[in-house]
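Novice: Okay, here's the structure, questions in a sec.
Residue numbers (our numbering): 133 to 446.
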């Protein structure tokens with residue numbers, strides 16, 4: 133049986149061991165045979181959740197297999213390694229979309245954080261959805277702010293959905309967005325991501341207080357993502373314990389390429405290396421002045437640009 137090969141998908145990584153699943157839904161414990169060098173990525177983890185790999189049976193009684201090959205990835209998302217900022221950690225691969233849970237109150241998600249999430253997804257060719265949870269807490273100010281943000285993001289091609297887990301409003305609509313897709317779920321601690329997962333998978337009962345995703349300061353409990361099959365079709369990938377998302381492999385000169393409303397105007401600028409700050413003949417700044425680019429998005433672009441290191445990855 134040793135040399136029987138099969139293709140499986142990685143559902144969980146725990147460092148040296150992986151949990152993989154075949155097409156029939158059977159789970160195996162897997163480990164790597166030898167070393168993998170993939171896509172020239174300097175990565176702290178050679179294999180990620182979502183990867184399709186070839187395995188051979190190692191021990192049928194113990195249900196263990198050996199990973200012998202990794203298939204070409206459709207896409208992947210990485211972050212800076214928490215141990216070495218010059219190395220990357222692949223969060224997940226072969227995604228259809230990413231979904232960010234945000235809130236306008238208790239806690240408030242900043243537009244800067246949302247935009248960094250969208251930039252990262254754009255950089256890795258992963259379509260994004262923004263879900264604003266805790267809509268039951270919205271007063272007049274938050275209701276107006278939501279309408280403003282929804283208009284701004286939908287105008288540039290992003291899906292935006294309001295939801296209240298507390299009142300079970302919008303939950304079914306969000307579940308529908310996940311149907312038959314492989315979706316990466318993210319969000320600050322306290323925005324309701326784990327509560328949402330508990331609704332979809334009541335048998336999991338994830339802890340809702342210590343999952344801190346792409347921003348949790350001091351809550352770095354684990355870096356292991358995990359994928360779950362949805363009963364209504366599709367899969368979600370949960371990513372507990374990921375700290376603030378640095379913009380990996382994005383240079384200052386490229387930042388505007390990941391703002392869809394700027395990307396379509398870049399070729400209209402007078403200079404092909406235009407940074408859209410104070411250069412003459414800048415189509416992007418003209419668009420901000422005439423209202424076709426939202427000033428808040430341009431401010432966000434400038435703010436992020438100012439935090440990036442010259443000619444280095446951030």
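All residues carry an ideal CB built from backbone N, CA and C; glycine is no exception.
Give, in chain order, every unbroken run of the alpha helix (DSSP H) that is at least 4 residues long and sits entirely within the region 142-202.
Specialist: The qualifying runs do not exist here; there are none.
Novice: Apart from the five residues just before and just after residue 153, which ones in its own chain have a Cβ nearer than 7 Å to its Cβ?
Specialist: Same-chain partners within the cutoff: 140, 141, 143, 159.
Novice: Buried or exposed, going by whether 16 or more other CB atoms sit within 10 Å of the CB of residue 252?
Specialist: Counting Cβ neighbours within 10 Å, residue 252 comes out buried, since at least 16 surround it.
Novice: Measuring alpha carbon to alpha carbon, tell me which of 439, 227, 262 ends up nearest residue 241.
Specialist: Ranking the options by Cα distance to residue 241, first place goes to 262.
Novice: What separation, rounded to the nearest whole angstrom, lies between the Cα atoms of residue 421 and residue 395?
Specialist: In a straight line, the C-alpha of residue 421 is about 17 Å away from that of residue 395.
Novice: Taking the alpha-carbon positions, what's the residue 270 to residue 180 distance?
Specialist: Residue 270 and residue 180: Cα-Cα distance of roughly 38 Å.
Novice: Among 149, 306, 147, 235, which has the Cα closest to the Cα of residue 277?
Specialist: It is 235 whose Cα lies nearest to the Cα of residue 277.
Novice: If you reduce the DSSP assignment to three classes, tell me which class residue 238 lands in.
Specialist: Reduced to three states, the DSSP call for residue 238 is coil.
Novice: Would you say the beta carbon of residue 366 is closer than 7 Å to some non-hydrogen atom of the ligand SAM?
Specialist: Among the ligands in the structure shown, none appear at all, so the ligand SAM cannot be discussed.
Novice: Using C-beta distances below 6 Å, list every residue in its chain close to residue 316, excluding the 5 sequence neighbours before and after it, in chain order.
Specialist: Here the set comprises 224, 227, 230, 369.
Novice: Just to confirm my understanding: we take residue 294, look at its own chain, exclude 5 residues before and 5 after, and list those with CB closer than 7 Å. What are they?
Specialist: Here the set comprises 264, 267, 278, 302.
Novice: Going by CA-CA distance only, name the one from 237, 258, 309 that's closest to residue 275.
Specialist: Residue 275 has its Cα closest to that of 237, out of 237, 258, 309.
Novice: To which residues of the same chain is residue 254 closer than 6 Å at the C-beta, ignoring the five residues directly before and after it?
Specialist: 390, listed in sequence order.
Novice: Spell out the partners DSSP gives residue 225 in its beta bridges.
Specialist: DSSP lists 208 as partners of residue 225.
Novice: Below 6 Å CB to CB, which residues in the same chain sit around residue 190 once its five sequence neighbours on both sides are set aside?
Specialist: Cβ neighbours of residue 190 beyond the five flanking positions: 196, 197, 198.
Novice: Pull up the DSSP beta-bridge partners for residue 247, would you.
Specialist: None, per the DSSP bridge assignment.
Novice: On the DSSP bridge assignment, give the partners of residue 314 in chain order.
Specialist: Paired residues: 367.
Novice: Pull the bridge partners of residue 360 from the DSSP assignment, please.
Specialist: Looking at the DSSP assignment, residue 360 forms a beta bridge with 368.
Novice: Between residue 149 and the rest of its own chain, which residues show a CB-CB distance below 8 Å, the 5 nearest in sequence each way excluded?
Specialist: Within the same chain, residue 149 has close Cβ partners 161, 162, 163.
Novice: Where do the N-terminal and C-terminal ends of the beta strand (DSSP E) with residue 263 fall, by residue?
Specialist: 260-265 is the span of the beta strand (DSSP E), which, as asked, contains residue 263.
Novice: Can you grab the Cα-Cα spacing for the pair residue 137 / residue 311, in whole Å?
Specialist: Approximately 30 Å between the Cα atoms of the pair.
Novice: Report yes if the C-beta distance between residue 258 and residue 209 is below 8 Å; otherwise report no.
Specialist: Cβ distance < 8 Å, so residue 258 and residue 209 count as in contact.
Novice: If residue 201 and residue 186 are in contact, beta carbons under 8 Å, what's the gap, nearest whole angstrom?
Specialist: Right, their Cβ atoms sit about 4 Å apart.
Novice: Between residue 436 and residue 248, which are expected to be in contact by the criterion C-beta below 8 Å, what is the C-beta distance as a whole number of angstroms?
Specialist: Contact holds; Cβ gap of about 7 Å.
Novice: Can you round the beta-carbon distance between residue 392 and residue 288 to whole angstroms, since I take them to be within the 8 Å contact cut?
Specialist: Residue 392 to residue 288, Cβ: 5 Å. Contact.
Novice: In chain order, what residues of the same chain have a beta carbon less than 8 Å from the beta carbon of residue 434, not counting five sequence neighbours either side?
Specialist: 409, listed in sequence order.
Novice: Alpha carbon to alpha carbon, what distance is there between residue 358 and residue 371?
Specialist: Their backbone Cα atoms lie some 7 Å apart in a straight line.
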